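Colleague: Numbering (this note's numbering), first residue to last: 15 to 146.
Backbone N, C-alpha and C fix where the C-beta goes; we use that ideal spot for every residue, glycine too.
Note that the structure is predicted; figures quoted are calculated from it, not measured.
Pasting a structure here, questions to come.
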Amino acid sequence: MDFRVVISDPGSGKAYQVEVKDAGAAKLLGRRIGDTVEGDAVGMPGYRLQITGGSDREGFPMRKDLPGTRRRKILIAGGVGYNSLAKGCKRRKSVHGREISADVGQVNMKVIEAGNKPVEEILGKAGGEGKK
């Protein structure tokens, strides 16, 4: 089991992509959107990260207000997973629940408490440049 983790650094405005396997991935299982995680799980000792979202292996987005670990079709008017063209327009869309399970492919996180080394130094080679 492995996850692609995208870590955003609000200080610099850059995002870094990291592959997390086995022991680190096991620390993320069962966590929810909004939970805080120690940076050791993704190779960033001394950091605290907050889970902000993600998507499953087929690309369906995780939604914070949908409990569980499964993908479901729900009626939504806006927010994550649907951009309405007209005000008040609703649609039934497939979205994934808020808990991280084995079928999640990508987890998005942001730095909420920095460690001793800068993020660029830890993930600079492994991660990519963010958009400006």
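1. Going by C-alpha to C-alpha distance, which of Glu113, His110 and Ile90 sits closest to Cys103?
2. Could you tell me the alpha carbon to alpha carbon distance between Glu72 and Lys28, rounded to whole angstroms?
3. CA-CA distance, Ile88 and Lys131?
4. Tell me the DSSP secondary structure of Leu99 in three-state form.
5. Indicate the three-state DSSP secondary structure (helix, strand or coil) for Ala29 in the structure shown.
Modeller: Checking against the coordinates, here is how it stands:
1. By 1-based counting over the sequence shown, the position of residue 103 is 89. The residue with the shortest Cα to Cα distance from Cys103 is Ile90.
2. In the sequence shown, residue 72 corresponds to position 58, counting from 1. In the sequence shown, residue 28 corresponds to position 14, counting from 1. The alpha-carbon atoms of Glu72 and Lys28 are separated by roughly 25 Å.
3. Walking along the sequence shown from the start, residue 88 turns up at place 74. Walking along the sequence shown from the start, residue 131 turns up at place 117. Approximately 43 Å, taken between the alpha carbons.
4. Counting from 1 along the sequence shown, the entry for residue 99 is found at position 85. Three-state DSSP puts Leu99 in coil, outside helix and strand.
5. As a position in the sequence shown, residue 29 is number 15, starting the count at 1. Residue state, collapsed to three classes: strand.
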